[in-house]
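Mind the numbering: the sequence shown is residues 10 to 215 in my numbering, read in order. In this text, a Cβ means the ideal position worked out from N, Cα and C, and glycines have one as well. All figures in this text were calculated on a predicted structure; none of them were measured in a lab.
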Amino acid sequence: MPASDLHDAPVLASRNSAIDVLRGLSILLVIIHHLALPFRLPLSQGPLPDLFGSRLINALGFNGYSAVYTFFVISGFLIAGRAISRHGSLAAIDIRSFYVYRASRILPLLLALLALLSLLHLLGVPGYVIDKPGQSLGGALMSALGLYLNWYEGRTTWLPANWDVLWSLSIEELFYLVFPLLCVWLPRPLLVIGLVVLVVSLPWTR
10 MPASDLHDAP VLASRNSAID VLRGLSILLV IIHHLALPFR LPLSQGPLPD LFGSRLINAL
70 GFNGYSAVYT FFVISGFLIA GRAISRHGSL AAIDIRSFYV YRASRILPLL LALLALLSLL
130 HLLGVPGYVI DKPGQSLGGA LMSALGLYLN WYEGRTTWLP ANWDVLWSLS IEELFYLVFP
190 LLCVWLPRPL LVIGLVVLVV SLPWTR
């Protein structure tokens, strides 16, 4: 779950209770989704479908990705708010300090996680071994550090679950890389047009 920026909220003028509600609901949906996938939590059996309807129950179990998209939006909102609070406007972002701050929050834990996962893979611990066709430890490491693990999985299929969670971090890291450059270098009218096109295109990118 992309939660690396959820602690940036205090820099905003006041805590946004609507974001807290969205965050809580998204966390719940992601937890239910992860339970339903590996453990086949029988949400569609028993009294729940009769009480709430089968479509709602199925949505709760298999729409965790939509909750992750909500986290992406929350993350972008908080990062933009933090940038405005610190620099006065998005166009005045200090690119170097932005990158240093984001890297200091993400890289230490990411590198520690990758080192641990690599060790468990090399020791042959079940559930941590990368052994599917087209996949390798080196490929997984390069994709995690190169911000394209989501594409790597799309081309080769899912990595073990403990690696798989990094797909969303690759997307967030790419956003961190591009966001300040667009804010500083792209003229405001083009930036607005680009954002509108991005929003309109979202239904076709899923």
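Using a C-beta cut-off of 8 angstroms, the segment 187-199 makes no contact with the segment 166-176, since fewer than three inter-stretch Cβ pairs fall below that distance. Counting along the chain, L116 sits inside the alpha helix (DSSP H) bounded by residues I104 to L131. The C-beta distance from L207 to L200 rounds to 11 angstroms, too long to meet the 8 angstroms contact threshold.
Counting C-beta pairs closer than 8 angstroms gives fewer than three between the segment 102-112 and the segment 124-141, which falls short of the contact rule. For P189, the uninterrupted alpha helix (DSSP H) run begins and ends at L175 to W194, by DSSP. With respect to the 9 angstroms criterion, I41 and G73 are classified as neighbours on the basis of their beta carbons. Remark: C-beta atoms of L126 and W172 approach each other more closely than 9 angstroms. Shown here for K141: same chain residues with a beta carbon closer than 7 angstroms to its own, the five before and five after excluded, namely T165 and T166 in chain order. DSSP places R197 inside the alpha helix (DSSP H), whose first and last residues are R197 to S210.
Considering only L44, R24 and V77, the residue with the shortest C-alpha distance to L34 is V77. Annotated as distal: A101 and R197, with beta-carbon spacing of 9 angstroms or more. Less than 9 angstroms divides the Cβ of L123 from the Cβ of L150.
The three-state secondary structure of R24, taken from DSSP, is coil. Linking L116 to A153 through their CA atoms gives a straight-line distance of about 11 angstroms. Between the alpha carbons of D29 and W194 lies a gap of roughly 32 angstroms. W172 sits in a helix when the DSSP states are folded into three classes. The Cβ neighbour count for I180, taken over all protein chains shown within 10 Å, is at least 16; the residue is labelled buried.
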